[in-house]
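Written below as structure tokens is the structure these notes are about.
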Amino acid sequence: MKLLTANRLSDGLTIWYTPSGWVEDAAHAARLDDAAAEALQKTWAARETEVVGAYLIPLKDDGAPVQREHVREFVRANGPTIGATADALARRFQRADIFKD
Amino acid sequence: MYQYDAFDHAFVRDRNAEFADQVARRLSGEITEDQFKPLRLMNGLYLQLHAYMLRIAVPYGVLSSKQVRKLAHIARTYDRDFGHFTTRQNLQFNWIKLADAPKILEELAEVEMHALQTSGNCIRNTTTDQFAGAAKDEHEDPRPWAELIRQWSSNHPEFTFLPRKFKIAITGADRDRAAVRVHDIGLHARPEGFDVYVGGGLGRTPSLGHRIKTGLKGENLLSYLEAALRVYNRYGRRDNIYKARIKILVAALGPDEYARQVEAEWATLDKSRIDAPVVEIDRIRSFFPAPAWKTGFDAAAFERAKTADPGFARWLRNNTLAHRQDNHLSVTVSLKPVGAPPGDASSAQMDLLADVADAYAYGELRVSHEQNIILPHVAKDDLYALYSRLDAAGLGTANGGKITDMIACPGLDYCSLANARSIPLAQDISRRFEDAQLTDKIGDLSIKISGCINACGHHHVGHIGILGVDKQGVEFYQILLGGRADENAALGVITGKGLSAEAVPDAIERVVQLYLNLRKDESERFIDALERLGREAFAEALHEPA
């Protein structure tokens, strides 16, 4: 399973693909099977007046991103972590709600 | 401060109009992202992890109250009500909309500011001593020279596409507060002329600059810089981004050979066509007059305020610097309150800073590379009133140069290059050392945190440096000891294996406790004790619970 994410051209905000359109809340991102995800990424890579830098986040069985940069994906999904302590964030990250199937 | 002339205004206006057109064409689909990216970067607009980031140039860190009010207005109107002062004396807004960028640049131009050359492989904003024109130990005001370099390097046709970005720092005081040894070119103005250091830098290959010339006369500064840049532009590597900085070329050639080539190139240049005439240097100098100093000093009232308010007395000890006028001091307004992101200021705080600058500091402010705001000239008679207003607004933290006065890059919370977060770690460490008495007991100690090897947080030159790394998706932090960015510049050395974020504050606490146990007396600073005793003793404390 994969998520499709990008930045919106007009304001740069991180957005997530859903069948009914792009949303800012990662919790609503569509879990896509691999073939569909790759086809969608190709489609949206060409729609440059709407989104920038569309890419896929592969998910492991437990819903966590598999990229080496998975901390990056959590921060991207949750927004800046300023104000939370590292301890609190570590606990929050272990829940990995956003990336769960 | 420098005032734009008709040429400056026209130049910035034309560039803004050009960029507005480029933005419109990007939004309409006329140009692709690949075509647009280098254009937006030339105007300081990055696409970061969560949004566009606009990096605004603060030439050599100097701001007027009017400019700070404009920055507050931009934060409030176009961003999320705050800005982030950077380690290069600039300001970044983290939540800019692409469609708003041209309007923001127009607003900046109204107060003689822009975002040009804050990205790209060009000569970036020249940085300098935040106490320029004020410090008692200064013998040459670096601001006119920095302004001269700004004018020469703006849109310089030969140096707009260098092998890699290029950073120049300049100081004119005995103490180096501008970190000149860790810049591509560092200039240290001495009574007999400039010492020129080349090939310093941090990042993937940290290096201290080599002194290749002494006694360079100011009237020959531009032609010598042109020769130095020309040799770099000719032979700097363009085949490998990691080997493209001038420090790699200087290391490959050897400093002596590089210096010889610069001299040979310099000899061929028609200096009269490059160097600024003395009359032009004097014209630029005339923009940096001393203020009409307030006179007098009520020493008795000053002492009464110190006695009555221990917070004021502590702030005076930690956040002021001797001024060339005996009845004035320079003030550091800490942007590092306990538990806050280093370098962030809200629009309300920016407005307040502008107000107090007008009321007590002749309308002048500076940004330091330590991510604080400086009021360079404050009459001693005004200090208590100033402190009271700052403290009431949460800007009275008395930790200048202390362990909680940390440098931290934006890290993975904002930056698309980062591997690990910097700001939350800085917040954790700040809270760990929030006890003011403990902070004072520890004395001067710099912690510098970078979220990746690019070292925007200057971790190599922190007394304690912290480098965030990614180990298979998990943040770890390597600790360096023994760096310093002053006139005795040294690079810190990595000690042992990386630590988890949760382990770092404990490790630092153990090192600090060891220092307190081992120092000769209170006058021996952390860095002095470290150099006397060796890094190894402290490295053990980092990695082994006491």
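Keeping their order, the protein sequence lines are chains A and B. Sequential numbering of the first sequence, starting at 1, is according to our numbering. Sequential numbering of the second sequence, starting at 1001, is according to our numbering. The C-beta atom is built at its ideal place from N, Cα and C for all residues, glycine as well.
The beta carbon of B:LEU1162 lies closer than 6 Å to those of ASN1121, ASN1233 in the same chain, with the five residues before and after it left out. Between the region 1054 to 1068 of chain B and the region 1138 to 1152 of chain B there are three or more inter-stretch CB-CB distances shorter than 8 Å, so the stretches are counted as touching.
Contact annotation: the region 1461 to 1477 of chain B touches the region 1496 to 1505 of chain B, with at least three C-beta pairs closer than 8 Å. Separation of B:THR1171 and B:GLY1468 (C-alpha to C-alpha, rounded to the nearest whole angstrom) is 30 Å. Following the DSSP letters along the chain, one finds B:ASN1517 inside the alpha helix (DSSP H) bounded by residues 1504 to 1518. For B:HIS1183, the number of other beta carbons within 10 angstroms of its own is at least 16, and it is reported as buried. Taking 8 Å as the threshold, the shortest C-beta distance from A:GLY63 to chain B does not fall below it.
If you draw a 10 Å sphere on the C-beta of B:ILE1104, you find 16 or more other C-beta atoms in it, and that means buried. Beta-carbon to beta-carbon, B:LEU1390 and B:VAL1356 are separated by about 7 Å, close enough to satisfy the 8 Å threshold. Residue state for B:LYS1213 is assigned as strand, using DSSP reduced to three classes.
Taking a cut-off of 8 Å on C-beta distances, the region 1130 to 1139 of chain B does not touch the region 1092 to 1104 of chain B, as fewer than three cross pairs fall below it. Counting C-beta pairs closer than 8 Å gives fewer than three between the region 1342 to 1357 of chain B and the region 1039 to 1048 of chain B, which falls short of the contact rule. Identification of chain A residues near B:THR1307 by a Cβ-Cβ cut-off of 9 Å yields none; the smallest Cβ-Cβ distance measures about 37 Å. DSSP places B:ASN1327 in the coil class of the three-state scheme, outside both helix and strand. By the C-beta criterion, the region 1065 to 1085 of chain B is judged not to be in contact with the region 1023 to 1039 of chain B, since fewer than 3 inter-stretch pairs fall below 8 Å. Taken in chain order, the whole alpha helix (DSSP H) runs of length 4 or more contained in the region 1378 to 1440 of chain B are 1383 to 1392, 1423 to 1432. SER1416, ALA1418, ASN1419, ALA1420, ARG1421, ILE1423, PRO1424, LEU1425, GLN1427: these are the residues of the region 1415 to 1427 of chain B whose beta carbon lies less than 9 Å from some beta carbon of chain A, given in chain order.
Nearest CB-CB separation between A:ARG31 and chain B: not below the 8 Å threshold.
In this structure, A:HIS70 places its C-beta atom within 8 Å of the C-beta atom of A:ALA64. Around the Cβ of A:GLU73, a 10 Å sphere holds 16 or more other Cβ atoms; the residue is buried.
Listed along chain A, the residues sitting closer than 7 Å to B:THR1032 by beta-carbon distance are GLU48. Not a single C-beta of chain B is nearer than 8 Å to the C-beta of A:VAL23. Listed along the chain, the chain A residues whose CB falls inside 8 Å of the CB of B:LEU1412 are VAL71, ARG72, VAL75.
Around the CB of B:THR1086, 16 or more other CB atoms lie within 10 Å, so the residue is classed as buried. Taking B:ASP1486 as the centre and dropping the five residues before and after it, the same chain places the C-beta of ARG1175, ASP1176 closer than 7 Å to its C-beta, in chain order. From the listed residues B:ILE1464, B:ALA1507, B:ALA1489, B:ASP1428, the smallest Cα separation to B:HIS1210 is found for B:ALA1489. Contact between A:LEU9 and A:GLU50 is confirmed by a C-beta separation of about 6 Å, below the 8 Å threshold. B:PRO1341 sits close to B:ILE1423, with the two beta carbons spaced by under 8 Å.
Going by DSSP, B:MET1053 is part of the beta strand (DSSP E) stretching over 1052 to 1056. Per DSSP, the unbroken alpha helix (DSSP H) holding B:GLY1311 starts and ends at 1310 to 1319. Following the DSSP letters along the chain, one finds B:LYS1247 inside the alpha helix (DSSP H) bounded by residues 1246 to 1253. Interface annotation, A:SER20: not in contact with chain B, CB-CB separation never under 8 Å. Per DSSP, A:ASP61 has no beta-bridge partner at all. Put simply, the backbone Cα of B:LYS1217 is about 10 Å away from that of B:TYR1224. Any Cβ of chain A closer than 8 Å to the Cβ of B:LYS1103 would place that residue at the interface, and such an atom is absent. By the neighbour-count criterion, in which a residue is buried when 16 or more other Cβ atoms sit within 10 angstroms of its Cβ, A:TYR55 is exposed.
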